[in-house]
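Just below is one structure, and these are the notes that go with it.
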Amino acid sequence: MLIASLMLVAAAMAAVAVTAVPLVRGRYQLPPARRVLVALIPVWQLAMMAISLIAGAVRGVGVAWVPLCETIVAGVGFACAAFNPRLFAGIEQAGAQNVAAARAQALEEQVGVQQAYLEQAERAAVEAVRSRHVYADEFEHIAEALAAGDVPGALVAVERTDAIIPRSGGRLCQHPVADALLKAKMAQAEKEGAELVVHADVPYELELPDAELCAVLSNLINNAVAAAARVASASADRDTTSSERPQVTVAIGSTRGYLAVRVENPYPPEEDAMLRELAASRRTPYPTERAHDVPQHGWGLSIVRELTEAREGSLELEVADGRFRVVALLKLGA
Numbered sequence: 001m002l003i004a005s006l007m008l009v010a011a012a013m014a015a016v017a018v019t020a021v022p023l024v025r026g027r028y029q030l031p032p033a034r035r036v037l038v039a040l041i042p043v044w045q046l047a048m049m050a051i052s053l054i055a056g057a058v059r060g061v062g063v064a065w066v067p068l069c070e071t072i073v074a075g076v077g078f079a080c081a082a083f084n085p086r087l088f089a090g091i092e093q094a095g096a097q098n099v100a101a102a103r104a105q106a107l108e109e110q111v112g113v114q115q116a117y118l119e120q121a122e123r124a125a126v127e128a129v130r131s132r133h134v135y136a137d138e139f140e141h142i143a144e145a146l147a148a149g150d151v152p153g154a155l156v157a158v159e160r161t162d163a164i165i166p167r168s169g170g171r172l173c174q175h176p177v178a179d180a181l182l183k184a185k186m187a188q189a190e191k192e193g194a195e196l197v198v199h200a201d202v203p204y205e206l207e208l209p210d211a212e213l214c215a216v217l218s219n220l221i222n223n224a225v226a227a228a229a230r231v232a233s234a235s236a237d238r239d240t241t242s243s244e245r246p247q248v249t250v251a252i253g254s255t256r257g258y259l260a261v262r263v264e265n266p267y268p269p270e271e272d273a274m275l276r277e278l279a280a281s282r283r284t285p286y287p288t289e290r291a292h293d294v295p296q297h298g299w300g301l302s303i304v305r306e307l308t309e310a311r312e313g314s315l316e317l318e319v320a321d322g323r324f325r326v327v328a329l330l331k332l333g334a
């Protein structure tokens, strides 16, 4: 009787050990640390049954109630073997739900950031248009005064114009690296026949490595300026008298713990289908994947997408009104 009960315990131990095999082999989608903790469950079960097995084999001879106890232990072991797969699957499902909840919360956070930043960008755009009209009116007054020979009137208009131009100490933003990079890109855009308009609100102390900031700004602005340069070249071929330069706008700001970068540029009409397809897809291909892609767009956007995803952010692409818009969000901090 004792031997039969001990054999049942050994069989229960084998059954429990079998349930641990899928766990060890990674059948359940669990993080390594959690997998180790979950593996302690069958280990503990095996340890308890092993203690009972050894105790029964050593001291159970001639004791009437030991076979009954061993049989009960074996029954509990078989129950554990039957229940373990459901337990492991439940832990896996709970972990997946936690991850999904965390992602949903992050997405809600990003939506809030995007909304706040878009409102800020819209206000900046409206202010830029208003200022442009004001400056244009003042310059027209200066031209009219000079044409009429009214030098004093022209000087008054110049002083008035000078007074309404905002003073920023010659800096585009407080962050020295971003300021230097943006100024270099403005000069680059001018050389390539485009105009780079910048609205930057980047604080001096930014919780983002300079290398990541430069990578995002450089790739996005390089793409935009290259597209605008193609527009300028095509326009020059059609109309040699036109002096208007295609405009690239860059808006940068930080809000709710994120850095938001919005870059908008015109593009040649023949690139419309490709850009719409690029904006519609949820991933950014590398140039080698599609030979007809516009140079640098796939490569540059892939780099930026990797950086935004590593920073728990996002990269949104949009084509509207003949302009290509990119909004990159990067979470600040370590």
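The numbers in the sequence shown follow the working numbering, run straight up by one, and end at 334.
Glycine included, every Cβ here is placed at the ideal spot set by N, Cα and C.
Quantities reported herein were computed from a predicted structural model and do not represent experimental measurements.
In this structure, leucine 213 and alanine 178 form a Cβ contact; the two beta carbons are roughly 6 Å apart against a cut-off of 8 Å. Taking 8 Å as the cut-off, the beta carbon of leucine 330 is found closer than this to the beta carbon of leucine 307. By a beta-carbon distance limit of 8 Å, leucine 315 contacts valine 304. Their separation comes to about 6 Å. Taking 8 Å as the upper bound for CB-CB distance, alanine 12 and alanine 81 are in contact here, some 7 Å apart. About 22 Å separates the beta carbons of arginine 171 and glutamate 264, which is beyond the 8 Å limit, so they are not a contact pair. At a cut-off of 4 residues, the continuous stretches assigned as alpha helix (DSSP H) that sit fully inside the stretch 254 to 288 are 272 to 280.
Pairing isoleucine 252 with aspartate 210 gives a Cβ-Cβ distance that is not under 8 Å. Residue range 323 to 331 is occupied by the beta strand (DSSP E) that includes alanine 328, with no alpha helix (DSSP H) assigned at that position. DSSP, read as helix, strand or coil, puts histidine 175 in coil. Counting only residues of its own chain and dropping the five nearest sequence neighbours on each side, cysteine 173 has a CB closer than 6 Å to the CB of Asp179, Ala200 and Val202. Partner residues in the beta bridge of glutamine 247, as assigned by DSSP, are Glu195.
For valine 319, there is no enclosing alpha helix (DSSP H); the enclosing beta strand (DSSP E) has its first and last residue at 314 to 320. Counting only residues of its own chain and dropping the five nearest sequence neighbours on each side, valine 16 has a CB closer than 8 Å to the CB of Pro42, Gln45, Leu46, Met49, Gly77, Cys80, Ala81 and Asn84.
Looking at the DSSP output, aspartate 201 bridges to Gly253. Counting along the chain, the unbroken alpha helix (DSSP H) around methionine 13 starts and ends at 2 to 24. Aspartate 210: member of the alpha helix (DSSP H) spanning 210 to 238, first to last residue. DSSP, reduced to helix, strand and coil, places arginine 27 outside both helices and strands of the structure shown, so it counts as coil.
For glycine 149, there is no enclosing alpha helix (DSSP H), since its DSSP letter is neither H nor E. Contact between leucine 23 and alanine 39 holds, since their C-beta atoms are separated by about 6 Å, short of 8 Å. For a cut-off of 8 Å, the C-beta gap from alanine 279 to alanine 229 is around 21 Å, too long to register as a contact.
Glycine 257 and isoleucine 72 have their C-alpha atoms roughly 58 Å apart.
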